[in-house]
Amino acid sequence: MSIKVDNVSFTYMKKTPFQVNALKNISFEIKDGDFVGIVGHTGSGKSTLIQIISGLLKEYEGNVVIDGIDYNDKKADRTRLRRLVGVVFQYPEYQLFEETVEKDIAFGPKKLGLDEKEAEERVKVAMDLVGLDYDMYRDVSPFQLSGGQKRKVAIAGVLAMEPQILILDEPIAGLDPQGRENFLELIKSLNECGMTILMVSHNMDNLVEYAKRIIVLKDGELFMDGTPAEVFADKEKVAEASLNLPEVASFCDRLREKGFDVPDSIIRYEQLKDYIISTVGGSYDD
Amino acid sequence: MIKNMTIGQYFPADSFVHKLDPRTKLIITFILIIFVFLIHSLPGYISMVAFLALTIAFSKISFRLVLKSIRSIWFVIFITFILNIFFLKGEEILFEWQFIRIYREGLIKACEMAGRLVILVIISSMLTYTTSAKEITDAIEILFGPLKKLRFPVHEMALMMSIALRFIPTLLEETDRIMKAQTARGASFDTGGLISRIKGMLPILIPLFISAFKRAEDLALAMEARCYHGGDNRTRLVEYHYKFRDLIAFALTALEIVIILIAK
Ligand SMILES: Nc1ncnc2c1ncn2[C@@H]1O[C@H](COP(=O)(O)OP(=O)(O)O)[C@@H](O)[C@H]1O
Ligand SMILES: [Mg+2]
Numbered sequence: 363m364s365i366k367v368d369n370v371s372f373t374y375m376k377k378t379p380f381q382v383n384a385l386k387n388i389s390f391e392i393k394d395g396d397f398v399g400i401v402g403h404t405g406s407g408k409s410t411l412i413q414i415i416s417g418l419l420k421e422y423e424g425n426v427v428i429d430g431i432d433y434n435d436k437k438a439d440r441t442r443l444r445r446l447v448g449v450v451f452q453y454p455e456y457q458l459f460e461e462t463v464e465k466d467i468a469f470g471p472k473k474l475g476l477d478e479k480e481a482e483e484r485v486k487v488a489m490d491l492v493g494l495d496y497d498m499y500r501d502v503s504p505f506q507l508s509g510g511q512k513r514k515v516a517i518a519g520v521l522a523m524e525p526q527i528l529i530l531d532e533p534i535a536g537l538d539p540q541g542r543e544n545f546l547e548l549i550k551s552l553n554e555c556g557m558t559i560l561m562v563s564h565n566m567d568n569l570v571e572y573a574k575r576i577i578v579l580k581d582g583e584l585f586m587d588g589t590p591a592e593v594f595a596d597k598e599k600v601a602e603a604s605l606n607l608p609e610v611a612s613f614c615d616r617l618r619e620k621g622f623d624v625p626d627s628i629i630r631y632e633q634l635k636d637y638i639i640s641t642v643g644g645s646y647d648d
Numbered sequence: 002m003i004k005n006m007t008i009g010q011y012f013p014a015d016s017f018v019h020k021l022d023p024r025t026k027l028i029i030t031f032i033l034i035i036f037v038f039l040i041h042s043l044p045g046y047i048s049m050v051a052f053l054a055l056t057i058a059f060s061k062i063s064f065r066l067v068l069k070s071i072r073s074i075w076f077v078i079f080i081t082f083i084l085n086i087f088f089l090k091g092e093e094i095l096f097e098w099q100f101i102r103i104y105r106e107g108l109i110k111a112c113e114m115a116g117r118l119v120i121l122v123i124i125s126s127m128l129t130y131t132t133s134a135k136e137i138t139d140a141i142e143i144l145f146g147p148l149k150k151l152r153f154p155v156h157e158m159a160l161m162m163s164i165a166l167r168f169i170p171t172l173l174e175e176t177d178r179i180m181k182a183q184t185a186r187g188a189s190f191d192t193g194g195l196i197s198r199i200k201g202m203l204p205i206l207i208p209l210f211i212s213a214f215k216r217a218e219d220l221a222l223a224m225e226a227r228c229y230h231g232g233d234n235r236t237r238l239v240e241y242h243y244k245f246r247d248l249i250a251f252a253l254t255a256l257e258i259v260i261i262l263i264a265k
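Note that the protein sequences, when read in sequence, are chains A and B. Residue numbers for the first sequence follow our numbering, so the first one is 363 and each next one is one higher. Residue numbers for the second sequence follow our numbering, so the first one is 2 and each next one is one higher.
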């Protein structure tokens, strides 16, 4: 499912003294099955952009076309768009409201018009995906769970709608490293099954490992766009957008200062490991 | 998704009206609201409008914002107008059609009531546009300070008020966020009959209450941790002192009152 963003601008609190031009003439296209990371300094417009792509903010300028359907089109099939696009907000655990985990996860599928049985199937699959045992948790109140488990329930609630595009706004904020790893592996496997992923994150290390493409926003404008290697190779521009380098890249910088001739293209742990092994000699086991 | 709210909102600026002592603004607002009901003549209304125009001019608040505050309650104004014009009986009939009769007195009364409402809205929104919630609660606390002698918990009331005011924008933001999250899960809030609408609100209300309670708990804990204790011997971060400009404001208000009383 391709996403086409064409010359989109957005202003908050239009015509008041608090007016903010949150997005300025943004255009890009995301192809089916891509894994795109959106990064940028706080206030650069990331959340605004994904809310527009999810169809939650209206009255923007420009066009957003998803799988050939334009949100602005009066005749657009909104239910189909809802079905296509799933959104996981920052701290999604705050959207839980039902008495039991099962009911909460089934909320979305039922709104899509599925009957009890189909909804139950979906709940099982979604809970399995996020790693919650169905029989153990189905009748538990979501409010009794720990923070990490609540988040799993919330994400399962979105996955149960079986979206083809999954949009995530800083989904790993506040998770422990193990939780992050698990979560990103889940997203990666969903992506490998063909789901298009659009993820806002502050964690560059995770993005270079998982994203296939990175879009950098700065002050509401599209500042950089390319593969992680391309984006992080331009260190000046990355600094200009007030972004951190991935740990590996800054480590390579330090090596360079010490006189090692490390190529610019190294940004991931695997690459660094391979490079060190190939230059120093030895094997993985060392 | 929540419509941009302007009523009760503060628009910071560096203007004569903004810089007035909040106590001054509160007292003047109070006096004006009382005296609006004592105006009964055209010159009285004209002087009031002139007074407000002057206030707006010296506040750097755009006229558009003032109009916006009126627009948000236009329905109430409209209903008041309609009720007065159709149901007030008088002597001189201006217009008659079947059972509808409009009297001259009715028309005048309707205009007067609508005009008063507009003036009241402008007065109160000028207070909130130019005075932050913090200043307003401080002013209330100082002005009602003497009631402490009667064991009335002035400080606690003021604190409650300022916390409530402080959290209104946060709660609105939260509501907006939750609404978006539930919309993305296929919820809809404005379709169906009354029952299904009320049921449709649950996915918003429940998370909202939970997070409000959580916030209250966090705030209580944070206050506790910083050794907060109420009322006595607390000093204020900002001390308020009347300045010359407050004298000017009071003088102009006094002049306005005199005009209203004379024009009667
Ligand atoms: N509901 C809102 N009302 C007014 N301004 C907003 C609102 N949401 C965001 N903004 C402003 O829009 C800009 C972009 O915000 P956002 O998209 O949330 O950025 P990011 O997610 O990259 O931190 C910021 O300057 C922010 O202050
Ligand atoms: Mg954000």
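C-beta: ideal position from N, C-alpha, C; glycine also. These numbers were taken from a predicted model, which means no experiment stands behind them.
L411 of chain A CB to nearest heavy atom of ligand 1 below 8 Å
yes
Look up V77 of chain B in the DSSP assignment and give the residues it is bridged to.
Its beta-bridge partners do not exist; DSSP assigns none.
With 8 Å as the limit, tell me which residues of the segment 396-429 of chain A have their beta carbon closer than that to any beta carbon of chain B; keep them in chain order.
Q413, S416, L418
Leaving out five residues before and five after N434 of chain A in sequence, what residues of the same chain have Cβ atoms less than 7 Å from its Cβ?
N425
Give the residues from the segment 429-447 of chain A that approach chain B closer than 7 Å (Cβ to any Cβ), ordered along the chain.
R444
So does E175 of chain B have its beta carbon nearer than 8 Å to some heavy atom of ligand 2?
no
Under a three-way DSSP split, which group does V122 of chain B fall into?
helix
Provide the residue(s) that pair with S60 of chain B in DSSP beta bridges, ordered along the chain.
None, per the DSSP bridge assignment.
V520 of chain A versus R167 of chain B: straight-line alpha-carbon distance, rounded
33 Å
Coarse secondary structure for M561 of chain A, derived from DSSP in three states:
strand
Is any beta-carbon of chain B found at less than 9 Å from that of N383 of chain A?
no
Per DSSP, which one or two residues make a beta bridge with R484 of chain A?
Answer is none; R484 of chain A lacks a bridge partner.
Cβ-heavy atom distance between F12 of chain B and ligand 1 below 8 Å?
no
Cβ pair T441 of chain A, D501 of chain A closer than 9 Å
no
Under 9 Å, Cβ to Cβ, is there at least one residue of chain A near T7 of chain B?
In this predicted model, T7 of chain B has a pLDDT of only 48, less than 50, meaning its place in the structure is not dependable enough to derive any value.
Write down every uninterrupted run of the alpha helix (DSSP H) in the segment 595-640 of chain A whose length is 4 residues or greater and which is fully enclosed by it, in chain order.
597-602, 609-619
Check whether chain D comes within 9 Å of E106 of chain B, counting only Cβ atoms and requiring the distance to be less than that.
Checking the listed chains, one finds no chain D in this structure; the protein chains it contains are A and B.
Partner residues on chain A for G193 of chain B, Cβ-Cβ distance less than 9 Å
Neighbours of G193 of chain B on chain A: none; closest Cβ ~12 Å, over 9 Å.
Is the beta carbon of V624 of chain A within less than 8 Å of some heavy atom of ligand 2?
no
CA-to-CA distance, F245 of chain B to V259 of chain B, given in whole angstroms
21 Å
Neighbouring residues, chain B, relative to K512 of chain A (Cβ below 8 Å):
Near K512 of chain A there are no residues of chain B at all, since even the closest Cβ is about 11 Å away, more than 8 Å.
Own chain, CB closer than 6 Å to V317 of chain A, minus 5 neighbours either side, in chain order
Residue 317 of chain A lies beyond the residue range present for chain A, which begins at 363 and ends at 648; the question has no answer from this structure.
Going by C-alpha distance, which of A:G407, A:S563, A:T378, A:K377 is nearest N387 of chain A?
A:G407
What's the call for F82 of chain B, buried or exposed, on a 16-neighbour Cβ count within 10 Å?
buried
Chain-order list of residues whose beta-carbon lies under 6 Å from that of N553 of chain A (same chain, five-residue window excluded)
F397, I559
Exposed or buried, what is M2 of chain B when buried is set at 16 or more other beta-carbons lying within 10 Å of its beta-carbon?
Confidence at M2 of chain B is low in this model, with a pLDDT of 43, below 50, so its placement is unreliable and no value can be given for it.
Straight-line Cα distance separating S125 of chain B from T7 of chain B
Legend: pLDDT at T7 of chain B = 48, less than 50; position of this residue unreliable, value from coordinates given subsequently. Computed Cα separation, rounded: 12 Å.
The alpha helix (DSSP H) spanning T373 of chain A covers which residue range?
Element bounds for T373 of chain A: not the alpha helix (DSSP H) but the beta strand (DSSP E), 365-374.
Would the beta-carbon of T171 of chain B be found less than 8 Å away from any heavy atom of ligand 1?
no
Taking the beta strand (DSSP E) that V502 of chain A belongs to, which residues open and close that run?
Careful: V502 of chain A lies outside any beta strand (DSSP E) and carries neither H nor E.
For the segment 126-146 of chain B and the segment 7-27 of chain B, state whether three or more C-beta atom pairs, one from each stretch, are separated by less than 8 Å.
yes
CB contact below 9 Å: I179 of chain B versus chain A
yes
For N369 of chain A, count neighbouring Cβ atoms within 10 angstroms of its own Cβ and tell me buried if that reaches 16, exposed if not.
exposed
Proximity test, Cβ basis, 9 Å: P539 of chain A and chain B
no
Let me know if E257 of chain B comes out buried or exposed under the rule of 16 or more other beta-carbons within 10 Å of its beta-carbon.
buried
Where the segment 462-492 of chain A meets chain B: residues whose CB sits under 7 Å from a CB there:
F469, G470, K473, L474
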